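2 protein chains.
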Amino acid sequence: MSYKAKIKVTLRQSILDVQGKAVDHALKNLGYASVASARIGKYIEVSINEAERGDAERICCEICEKLLSNPVMENYFFELESEPVN
Amino acid sequence: MSYKAKIKVTLRQSILDVQGKAVDHALKNLGYASVASARIGKYIEVSINEAERGDAERICCEICEKLLSNPVMENYFFELESEPVN
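Protein sequences appear in the order of chains A and B. Going by our numbering, the first sequence opens with residue 1, and the numbers climb by one from there. Going by our numbering, the second sequence opens with residue 101, and the numbers climb by one from there.
Given below as structure tokens:
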């Protein structure tokens, strides 16, 4: 069985998001006065080939902790979708 | 009314994702043989203060087209959630 993990990695709320601030300013300059508080994160899709959903979830947590996010300053969320084996 | 837009910007399928390839290799080196085809995108959250949901959707499309994505090589998807006004 193959699972597709859709992972969002976001900066913790207490961490200043300079990239988000830049987007905020750019949007103001473009005339979008109603848009505020942009925050920028990463979006990652990976395929995980495991027989059991539980194994896929465990692996997804591990790779988020070890490689895809910095747990000191980032949070991660993921969804697992089963996908047909090609 | 305030809406929170959750925007995903991903590379089109036909575009080589070098950052994703690097993540693939790193995962293989860490021993995760069952993980494959990582693709990396951006995840953006913005607040949009508009009375009508339709206006918020229109603005979200516009800022995705103009600023947040490169329509030549990227796709974008978004969800709008209404959020309580502070």
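Backbone N, C-alpha and C fix where the C-beta goes; we use that ideal spot for every residue, glycine too. As the structure is a prediction and not an experimental result, all values here were calculated from the model.
Query                                                                                                                        : Result
Length of the line joining the Cα atoms of A:Cys64 and B:Arg153                                                              : 34 angstroms
Buried/exposed call for B:Ala52, threshold 16 Cβ in 10 Å                                                                     : Lying before the first or after the last residue shown, residue 52 of chain B is absent from chain B, which here runs from 101 to 186.
Nearest residue (CA-CA) to B:Ile159, options A:Ser2, A:Ala33 and A:Leu11                                                     : A:Ala33
Buried versus exposed call for A:Glu45 [16 or more other C-beta atoms within 10 Å across all chains shown]                   : buried
Proximity winner among A:Ser69, A:Glu57 and A:Tyr43, relative to B:Lys106 (alpha-carbon distances)                           : A:Tyr43
Residue of A:Lys66, A:Ser69, A:Gly41 and A:Val35 minimising C-alpha distance to B:Glu162                                     : A:Val35
N-terminal and C-terminal residue of the beta strand (DSSP E) that A:Val72 is part of                                        : No beta strand (DSSP E) contains A:Val72, which DSSP labels as neither H nor E.
Nonlocal neighbours in the same chain, by C-beta distance under 6 angstroms from A:Asn49, ignoring five residues either side : Ser2
9 angstroms Cβ cutoff met for A:Gly41 and A:Lys8                                                                             : yes
Distance between A:Lys28 and A:Ser37 (C-alpha atoms, nearest Å)                                                              : 11 angstroms
Neighbour list for A:Asn49 in chain B, Cβ cutoff strictly below 9 angstroms                                                  : Ala133, Ser134, Val135 and Ala136
Counted within 10 angstroms of its Cβ, other Cβ atoms place A:Leu68 as buried (16 or more) or exposed                        : buried
Whole-angstrom distance between B:Met173 and B:Arg112, CA atom to CA atom                                                    : 6 angstroms
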